[in-house]
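What follows is a short report on a single structure.
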Amino acid sequence: MSAAMKNDNIVVRSLAQIGDCALFLLRMLAAVPRSMRHWRETVRQLWFVGAMSLIIIMVCGLFVGMVLGLQLYDVLSIFGGTSATGTVVAIAIYRELGPVVTALLFAGRAGTSVTAEIGLMRATDQIAAMEMMAVDPIAYVAVPRFLAGVIAMPLLACVFCALGIFGGHLVGVSWLGIDNGTFWSNMTATVEVVKDVINGVIWKSVVFGIVVSLIAVFQGYTTPPTSEGVAYATTRTVVASSIAILALDFVLTAFLM
Amino acid sequence: MSQRQSYAVGTGLFIALGFAALGYLATQTTSVANSSRGPSYTVEAHFANIGQLKERAPVKVAGVRIGQVQSIVLDPGKETADVKLSIDKRYDQIPDNSVATIFTSGLLGDQYVGLQYGNSKKSLADGGTLALTRPAQQLEEMLGKFFGAGGVADNLGGSYSVKGRFTNVGSLSVGAPVKMAGVAIGTVQSIQADPVKLDAEVTLSIDKRYDQIPDDSAAAVFTSGLIGTQYVAIQPGGSPDMLKNGDELVLTQSAMQIEDLIGKFLVSGSPSAKPADGGKTDGDKH
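Note that the protein sequences, when read in sequence, are chains A and B. First residue of the first sequence: 3, per the numbering used here; consecutive thereafter. First residue of the second sequence: 65, per the numbering used here; consecutive thereafter.
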């Protein structure tokens, strides 16, 4: 890290960041067995990054589903195909919007606070104090937050998708008058468990959970111990997570299709 | 301690909610919801053409789903598809002379098997066969029937070829109809550029039934409608001799290019209007 900071070349610096990040991931994975002693901390973090993110995820899922229903009904009515609204809402949410929007919201809601919290711990020497007390900060601070993010992301994505379907149903069936049976039967006729729910929602969101949590914890853990450094680290978490999510989304889609 | 308890309970609730959502997504909104619940029995139907029918497509009676397509295989040694239908045990009163038809839901929708009840007293049993089937209606065929009157002539009675030379065939394509009095009497067989005469040599294949066409008839490339496809129209002449195989149509009229037409239309009269006159005085002159 310090060697990378001195070098001005942006390519070398980025490469060093990625390498540091990967090494940090390995250190965390190695510390997972040790962190099992602190499982209560993992539960507390799961509460913080998962359960506390529920409201924003649910509200956003509902509105994404509603706006999809509205837009699709408008376009599909040109072709007399409004009965496909449910299908397209479900497929769009499962394959793309569910995992991606959840991950972006997760990075903004949970990732930033994780970065800021760990960064402030670093800036106020709490992490150094832990090392002094022979408490492994990786096992006690980093791993619980990382694991909590990885567990929370797919669950949040599922909640997002369910609310999205509900929103699409609300607009399509309750407001715009698509037949309820048509809505569901077309959806169930087209959407597949493995391709859409498992590959689309679960795998994508697990990968996004790993990436976002890794970036958030890493940025917090390696932040320069100043208030400015914490601010930069928080910003970088959002920027790097967003880019990583959208780029990985393309790669994952290409592989999982 | 109570603080920690509330964390644990809330986290547990969150995990339970997440898994409940997953279960809901997986079972209620996907094809799993369609997999037949409860006992079912299987009947066979042989279709000449299944179109886009897929496995797990619904089987419906009067629009109500009673089962699904279990498998689709080609009958060994025959040109028919063997479709196995898995029908819910609750619906075991289907007459054994019912007609199975492949329908399409909507114009672009998925295809499903519809059963129309016959009048037999006997019901279909497990492993039974629906003898009466109607294959999928191919959209192309339907459109063909619809627009086909005057479309492409069927070449059942054989045909003979005549040639025509056009300075411009426009976007005439091979297979385009040849029409006389609006009725299709043949097709365009080939279009070739003549490297010496620098025009297009079009070979027309005309149905043998129409062998009374005077040999001084004219051929013209017309367009059906404003943006329609182009076809060759034969305008009969007055000669007592008839066109024979290999003859050439001497009188031809090339395709009208819409650019030319518009150009003629816009440009006519423009030579008198000099640009130097300016726009304002232009109106006064007229």
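For each residue, glycine too, the CB sits at the ideal point set by N, CA and C.
Check the Cβ of residue 93 (chain B) against every Cβ in chain A and list those closer than 7 Å, keeping chain order. Correct list: 92, 167, 189, 190 and 193.
Under 8 Å: do the segment 86–104 of chain A and the segment 157–167 of chain A share three or more Cβ pairs, one atom per stretch? yes
Which same chain residues end up closer than 7 Å to residue 104 (chain B) when comparing Cβ atoms and leaving out the 5 residues on each side of it in sequence? So the qualifying residues of the chain are 131, 150, 151, 152 and 153.
Please identify, using Cβ separations under 7 Å, the residues of the segment 46–73 of chain A that lie next to chain B, in order along the chain. Hits within the stretch, in order: 46, 48, 49, 52, 53 and 56.
Here's the rule I'm using: 16 or more other beta-carbon atoms within 10 Å means buried, otherwise exposed. How should residue 50 (chain A) be labelled? buried
Short check: CB of residue 1 (chain A) to CB of residue 47 (chain A), under 8 Å? Lying before the first or after the last residue shown, residue 1 (chain A) is absent from chain A, which here runs from 3 to 259.
Answer yes or no: do residue 238 (chain B) and residue 249 (chain B) have a C-beta to C-beta separation smaller than 8 Å? no
Anything in chain A within Cβ reach of residue 125 (chain B), meaning under 9 Å, just list it in chain order. Within chain A, no residue comes near residue 125 (chain B); the closest Cβ sits about 15 Å away, beyond 9 Å.
By DSSP's criteria, residue 71 (chain B) is part of a beta bridge. Which residues make up the other side? Answer is none; residue 71 (chain B) lacks a bridge partner.
In chain order, what residues of the same chain lie with their CB nearer than 8 Å to the CB of residue 133 (chain A), ignoring the 5 residues before and after it? 139
Classification of residue 131 (chain A) by the beta-carbon crowding that lies within 10 angstroms, buried from 16 upward: exposed
Nonlocal neighbours in the same chain, by C-beta distance under 8 Å from residue 183 (chain B), ignoring five residues either side: 159 and 161
Chain B contact for residue 164 (chain A) (CB, 8 Å cutoff): yes
Can you grab the Cα-Cα spacing for the pair residue 229 (chain A) / residue 105 (chain A), in whole Å? 26 Å
Amino acids of chain B, ordered along the chain, whose beta-carbon sits closer than 7 Å to that of residue 199 (chain A): For the C-beta of residue 199 (chain A), the chain B residues within less than 7 Å are, from N- to C-terminus, 89, 90 and 94.
Quick one: is residue 245 (chain A) buried, meaning 16 or more other Cβ sit within 10 Å of its Cβ, or exposed? exposed
Proximal chain A residues relative to residue 71 (chain B), where beta-carbon distance stays under 7 Å: 45, 46 and 49
With a 10 Å radius around its C-beta and 16 neighbouring C-beta atoms as the bar for buried, classify residue 306 (chain B) as buried or exposed. exposed
Could you pull out every residue in the same chain whose Cβ sits closer than 6 Å to the Cβ of residue 109 (chain B), ignoring the five residues on either side in sequence? 147, 164, 194 and 197
Ordered along the chain, which non-local residues of its own chain (more than five positions away) have a Cβ less than 7 Å from that of residue 214 (chain B)? Residue confidence is low: residue 214 (chain B) scores 44 on pLDDT, short of 50, so the model does not pin down where it sits. Its coordinate-derived value is still stated next. 246, 247 and 248, listed in sequence order.
Using a Cβ cut-off of 7 Å, pull out every chain B residue sitting near residue 160 (chain A), in sequence order please. 82, 85, 86 and 89
For residue 243 (chain A), the nearest candidate out of A:249, A:226, A:214 and A:257 (CA to CA): A:214
Chain A residues whose Cβ lies nearer than 8 Å to that of residue 78 (chain B): Ordered by position in chain A, the residues that pass the 8 Å Cβ test against residue 78 (chain B) are 48, 49, 52, 53, 56, 154 and 157.
Chain A within 8 Å of residue 174 (chain B), Cβ atoms only: yes
Name the two residues that bound the continuous alpha helix (DSSP H) containing residue 91 (chain A). 87–94
Where does residue 277 (chain B) sit, in a helix, a strand or coil, going by DSSP? In the three-state reduction of the DSSP assignment, residue 277 (chain B) falls in the coil class, being assigned neither a helical nor a strand state.
Counting only C-beta atoms, is residue 74 (chain B) closer than 8 Å to chain A at any point? yes
Below 8 Å, how does it come out for the segment 306–321 of chain B and the segment 272–283 of chain B: are there three or more Cβ pairs, yes or no? They touch, by the three-pair rule.
Could you tell me how far apart the beta carbons of residue 222 (chain B) and residue 107 (chain B) are, in whole angstroms, since I believe they sit closer than 8 Å? The Cβ separation is near 46 Å, so there is no contact.
Would you tell me roughly how many angstroms separate the C-alpha atoms of residue 262 (chain B) and residue 304 (chain B), rounded to the nearest one? 31 Å
In angstroms, rounded to a whole number, what distance separates the CA positions of residue 145 (chain B) and residue 115 (chain B)? 10 Å
Endpoints, the beta strand (DSSP E) within which residue 122 (chain B) is located: Residue 122 (chain B) -> beta strand (DSSP E) spans 122–125.
Per DSSP, which residues does residue 19 (chain A) bridge with? Please list them. In DSSP, residue 19 (chain A) forms no bridge with anything.
Anything in chain A within Cβ reach of residue 200 (chain B), meaning under 7 Å, just list it in chain order. Chain A residues near residue 200 (chain B): none, gap ~17 Å exceeds 7 Å.
Give a yes or no on whether the minimum CB-CB distance between residue 203 (chain A) and chain B is below 8 Å. yes
Residue 282 (chain B) CB to nearest chain A CB: under 8 Å? no
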